[in-house]
Structure formats: C-alpha cells, structure tokens
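J.:
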Amino acid sequence: MNRFLLSVLALVSFNAAAQTYPSRPITLVVPYTPGTGIDIIARTVGPKLSERWKEAVIVDNKPGASGNIGAAAVAKAPPDGYTLMVTVNTFTITPALYKSIAYDPVKDFAPVGRVANGNLALVVNAAALPVRNLEELKAAARERKLNYSSPGNGTPQHLAVELLKQRLGIDILHVPYKGAAQALTDLLGGQVQLAVLPVHTALPHAKAGKLTVIAVSGERRSVLAPDSPSFAELGLANLDIDLYFWIAGPAGLPREIVRKWNQEIASILSAPEVRETLMKQGMVPAPGSPEEISAQIRADVERWKKFIAETGITAD
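Quick note: the sequence shown uses the numbering used here, first residue -5, plus one each step.
(1) With distances taken between CB atoms, is the gap from residue 43 to residue 117 smaller than 8 Å?
(2) Locate the alpha helix (DSSP H) running through residue 287, then write down its first and last residues.
(3) Using a Cβ-Cβ cutoff of less than 8 Å, which residues in the same chain neighbour residue 56 once the five nearest sequence positions on both sides are dropped?
(4) Considering only the alpha carbon of each residue, which of 266, 141 and 305 lies closest to residue 165?
(5) Quick one: measure Cβ to Cβ for residue 182 and residue 151, integer angstroms, because I've assumed they're closer than 8 Å.
(6) Can you check whether the CB of residue 87 is closer than 8 Å to the CB of residue 148?
(7) Can you name the start and end residues of the beta strand (DSSP E) that residue 180 belongs to?
(8) Could you tell me whether the segment 105 to 114 touches the segment 229 to 246, where touching means 3 or more Cβ pairs closer than 8 Å?
(9) Helix, strand or coil for residue 309? Go by DSSP, reduced to three states.
(10) Report the three-state DSSP secondary structure of residue 88 (helix, strand or coil).
(11) With distance defined between alpha-carbon atoms, name the residue in 212, 76, 106 and 83 nearest to residue 281.
(12) Rank 37, 211, 227 and 90 by C-alpha distance to the C-alpha of residue 292 and give the top, closest one.
(13) Buried or exposed: residue 81, going by 16 or more other Cβ atoms within 10 Å of its Cβ?
(14) Excluding the 5 residues flanking residue 319 on each side, which residues of the same chain have their C-beta closer than 7 Å to its C-beta?
(15) Give a yes or no on whether the C-beta atoms belonging to residue 224 and residue 209 are separated by under 8 Å.
(16) Which same chain residues end up closer than 6 Å to residue 259 when comparing Cβ atoms and leaving out the 5 residues on each side of it in sequence?
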C-alpha cells in the first residue's frame, strides 16, 4: 500500500473519529500545581464539558520545570482529542530561558481557543516607597537604590519590570523568590519596595492602604481596577504583558475536534457562574479563535526570545 493511500485512509479514520467525538474520557493536563489559576480553569471548565459531552474530563496536574513537563507530555500525545492542556503565556517565555526543551511551542501544539485574560499591576509598598505615579517612581529610582520582588526568574512579573526599567531608563534590583507567596510577604513587609502582581492579588492590599497601584497592564483599564491607569494609557504600550490562558492539544488535531472545543469553550464561558468563578481569581473570560491565539503565541515567542537575548536573563 503506497504512502498516499495510507495518508488518505488515516485522514478518513480521523474524520470518522471526529464525528463521534468524544467517545471516551478526556485528560486535561495542568502543567502546574493544584490551586493555580490554570488549575482553577481546568476544574471549572472540565465538569461543564463532562456534562455536555457525557464523558469524563480528568484533570491531571503535571507540574515541574516551569510547565515544561506537562507541556512535553501533551506534545507527545496522539492528536486524537483525548489529551489536551490548559496553559498560560509563561509557555511563550520558557523556550528562550532553557537551552533545550522537549517541544516546539509553535509547531507541536494546536490551540483550540482562548479562555481568559488576567491583568498585572505595578505596585509599591505605600510606606516604604510613597510614590503615586510613574514619574514619581522614576524620580525615586534615580535618587535611591530600589529593589523589586518576583516569583522567579523569567516569570511575566519579572519581565514586566525589566521592560519598565528599559523603557524608563532606570535601574531597580531584582530579588527573585521561589514562588509568589514569599515575594508578596516581603513586599508587604517592606523588605522590597515594589513588584508586579496579578490585579486581584494587589487590590485587597491596596484597599487596606498597604500597597499603591501605579499602573495596570493592558491596552485598556482593567475591569477589576477601573480607577488605575493602564500602561498603554501612560504611553507605555510595550508593557502589554497581560496574562492569557488557553487550551491546546498536540499538533495535528482534526479540524472538527478543534471547532467543537472552541464552540464549547465559548458557550461555557458565557455561563454566569463560570464567569463569577474566574473573575474572583482575577481572570476575565475572553473566548477567542484558534487562529487568534496561535498568532499571539507566535508573536510572543519571538518577542521574548529577542528581549531575553538582549537582557541576558536566565532561568537560574
């Protein structure tokens, strides 16, 4: 049997399977630990899919190596729609940080749709650094030594401040932590003066007077923090480093399965209870097409590759 005929038969087989999809349990990989935003998305969307499709959607946490372990497992899975993952845009950063990873973030995955966006906020400790806006922060950074915390090297929070430093021409010392909890604790305690935090993490402390929100990521003001200016509004459009979350399977997913997932995601995200659950975690439902998210992934992979090469940022 020649190669062409084998290809045709494989295509027919895939199309037939797509028509009856799903016919068995689906694994939804989360490449991070339980309780993270990605995990919450999976455990919110998964049961809704199970209800609609009458098949189990099993959330499988595979943390480690900044998400690389879980992503590699999905990249190697058969493209039959039974193994997918929920991920976030740190996925577009890690290829530039690690000398070798077991997948290509663009070629080895088939996004089925965007799920949500999440804004980041530049904040300062109100007592340790009593500034109210970017100009005052810029002046303070030139008058004294400042430092900032992040959950670790190469995280979006880290890169956001490095972009800010580059754009404003200032120097602020980076203090990386092994996770967000201790980074926040030391920010609140004044051991570091500023940081970039998810908006929903920053707001309670801002309302309590402990932190001051200087600006929020994104082209427009965040619906969660409408009183805080966006970086774009302040003339810093290159700091559009929002978090965004999507679902993807291995490359080669049949179009019909991609379409089915995309339609179901959009429908599920329109449910008030789903929207409420995600909004409480600082994630704004934002369904989008596979083409849209694929284009953004490609652009961000190139963006961070260039920026990390310029700045010499490493994962260590």
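Virtual Cβ for every residue (Gly too), placed ideally from N, Cα, C.
T.: Concretely, from the data shown:
(1) no
(2) 284 to 305
(3) 23, 24, 25, 63, 64 and 67
(4) 141
(5) Not a contact, Cβ separation roughly 15 Å.
(6) yes
(7) No beta strand (DSSP E) holds residue 180; the alpha helix (DSSP H) holding it covers 174 to 183.
(8) yes
(9) coil
(10) helix
(11) 106
(12) 90
(13) buried
(14) The displayed coordinates of the chain run from -5 to 310. Any statement about residue 319 would go beyond what the structure contains.
(15) yes
(16) 107 and 281
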